[in-house]
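This report refers to the structure that appears directly beneath it.
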Amino acid sequence: MTESPLDAAIQRLAALSPLEYEKARKSEAKALDVRIAKLDAAVTGARSGNDNAELPFPEVTPWPGPVNPPTLLTDIASTIQRFIICNEEVAHAVALWVAMTWFIDEIEVAPLAIITAPEKRCGKTLLLNLLGRLCARAITASSISPSALFRAIDAWSPTLLIDEADAFMKDNEEIRGLLNSGHTRDSAYVIRTVGEGFTPTKFNTWGAKALAGIGHVADTLMDRAVVLELRRKLAHENVERIRYAEPSLFAELRSKLARFADDYSEKVRQARPPLPNSLNDRAQDNWEPLLAIAMTASDEWLRIGTTAALKLSGSESASHTIGVELLSDIQEIFEERQADRISTAELIRALCGDDEKPWATYNKGVPIKPRQLASRLKGYGIQSKTIRLGADTPKGYDKEQFAEAFTRYIPLLPENIRHTPQPASIKDFTVADKKSQSETSPERATAEVADDPPRCGLEAAKETRNPAPLKDCGGVADSAPPSEEHDFDDSIKLKTASPCKTKGEIEL
């Protein structure tokens, strides 16, 4: 019997390496006029010798008509808050991350979604369950081995949802490495030997992944994640139970998300959203695909997404390593003493003087030792030496030895943020004129981020030295004086009474 052109195409695709197929699957599905999910199933079946192989998630038929992206994202965020106790920034971030899983073929960075809480019964598993009902090609696992993880990703390109991450990932460096490798498309692969001949084989690890667990996971994972913190609900707070949701709710949202991805994939691919200067480089990478989707949806959702980014990832202190914490505490000691040198013994006494910091119990319940301090600082190119303190010449450190490390590793925050830690303001943004925006993107105006916030000489200096009390403004710090008028309308303009020529007016 003659092989049909479709069967021949399936066999040809099945012979490709996993990475080659990943690059070709979308164009091939379009050329063959089949859905990508169906093509994946057929290729997987051909590779395994089972033509009837089924994918471990349901196929989704795109919504028959065009969808309204901002309305869809708003509906998803509202659905999250309908079943989960969380603030609106978390709900908005979840909506954008869910949408990102449907655009996974268009983006270059896939941030982890880490769902965390300080205690049990805060809704972590429930939120993971919701993600499973909304994300593209979702697979949920309470535990998974390293080999099963990379083979599942390579075979099915799923959105992988892992529960109880704090338990099964403990001391499992291989799992951490696999999850880290899937953060960017360029590095999303591992090499393992296969078969009796131990043939080196590449396995794809690219894809969206969500982890749920108590507390914080490894720093390397947190650094590659959008962190969604939940809290236990209060007695007066009420949410609905998922099992009582109308049967068509999640199927309809998935269908609309599939249509959203079909219609807007090229726009998301080309989107270059403005990234807040107050986010560190890794946080900007993590939020770029989410803000690209937000910008594609509408200017209002770009503002909403930016506010969520500033609220959830605007403070670098949450991601400090123990080394950066040590540098910060040493800098504080030098500043408080107004000294240009300090002995090792006196530095350790000062570090251990604050019972809330880790140094008094650093060494298995006893204070950090000089050798441990030296080992930590050596990584930053800082070594103790003989110094002169009056008539004594003990081992110690000069302040100038720390200058480069302080500059490179300790966040440089404005004075008002250093003393009153808050997420940075949306005032970080300035917007190019509409003419230049339209030249950049004929489809829509594109906001651009200024290298530095506007500065207005002495007036700006006065505001920095004497920050006004912060009001509750949805998690975004605003250092404007109370006398200023804030008018957030649909054009997102911020009017100030500053006498400077540069007015604090933005439009996203």
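Here the numbering used here is used: position 258 in the sequence shown is 331, and no number is missing along the way. We put the beta carbon where it would ideally sit given N, CA and C, even for glycine.
Between the alpha carbons of residue i and residue j, how many angstroms are there, rounded?
i	j	result
I158	K197	10 Å
M173	E269	39 Å
L385	I455	33 Å
A331	T434	52 Å
V116	R206	25 Å
S215	G286	10 Å
A88	A97	12 Å
L326	T134	11 Å
F502	A365	Confidence at F502 is low in this model, with a pLDDT of 43, below 50, so its placement is unreliable and the value that follows should be read with caution. For F502 and A365, the distance between alpha carbons rounds to 16 Å.
A533	D372	Residue confidence is low: A533 scores 36 on pLDDT, short of 50, so the model does not pin down where it sits. Its coordinate-derived value is still stated next. Looking at the two C-alpha atoms, the distance is approximately 29 Å.
V140	N311	30 Å
L169	I149	9 Å
Q84	C208	29 Å
E93	K275	11 Å
G118	N359	34 Å
S220	G426	47 Å
E409	E181	45 Å
A447	K430	18 Å
L86	F223	20 Å
D336	P362	17 Å
V522	L145	With a pLDDT of 38 at V522, under the threshold of 50, the modelled position of that residue is not reliable, and no figure is offered here.
Q357	A114	35 Å
Suppose the cutoff is 7 Å on Cβ atoms and the five residues either side in sequence are ignored; what does the same chain contact list for residue i look like?
i	result
G280	I177, A183, I226, S230, P231, T232, L233, G255
V290	I187, A238, D239, M242, L284
E399	Before going further, note that residue 399 is Leu rather than Glu in the sequence given. Same-chain partners within the cutoff: R449.
A334	W175, F176
F130	R210, A211, I212, P231
E247	P219
Can you tell me where the alpha helix (DSSP H) holding residue i begins and where it ends?
i	result
I441	Looking at the DSSP string, I441 is not in any alpha helix (DSSP H), and its letter there is neither H nor E.
E302	It is not in any alpha helix (DSSP H) - E302 instead sits in the beta strand (DSSP E) that spans 298-302.
I153	142-156
Y482	476-482
T380	372-386
A331	322-343
Please go through the same chain and pick out, in chain order, the residues whose beta-carbon is closer than 8 Å to the beta-carbon of residue i, but skip the five residues on each side of it.
i	result
L105	L79, A82, L112
D562	Residue placement at D562 cannot be trusted, given a pLDDT of 39 that sits under 50; what the coordinates show is reported in the next sentence. There are no such residues.
S462	The residue you asked about is not Ser; residue 462 is Leu in the sequence shown. Counting only Cβ-Cβ distances below 8 Å, and skipping sequence neighbours, we find R414, S416, G469.
Name the two residues that bound the continuous beta strand (DSSP E) containing residue i.
i	result
S416	414-416
T232	232-235
By Cβ distance, which residues of its chain are closer than 6 Å to residue i, with the 5 residues on each side in sequence left out?
i	result
V167	I153
V397	Y482
P91	D227, N277
W432	L424, C425, I441
Can you tell me which of the options puts its alpha carbon nearest to the alpha carbon of residue i?
i	options	result
D413	L375, D471, W374, A381	D471
P137	T257, S328, E179	S328
G387	D354, I180, R258	D354
A339	L86, E93, S100	A small correction: the amino acid at residue 339 is Glu; Ala does not occupy that position in the sequence shown. Of the candidates L86, E93, S100, the one whose C-alpha sits nearest the C-alpha of E339 is S100.
Q474	I248, V171, W432, I415	I415
L200	F156, S218, F223	F156
N587	V299, Q445, Y337, Y453	Any question about residue 587 goes unanswered here, given that the chain covers just 74 to 581.
R305	V171, S151, G463, N160	N160
Y262	R120, P142, N277	N277
E162	G250, L303, K103	L303
T417	A102, E132, I377, D465	D465
Q343	A367, A324, P320	A367
Residue i bridges to which residues according to DSSP?
i	result
P273	T266
G286	T189
V182	T257
T459	K468
A97	According to DSSP, which records beta bridges pairwise, A97 is partnered with nothing at all.
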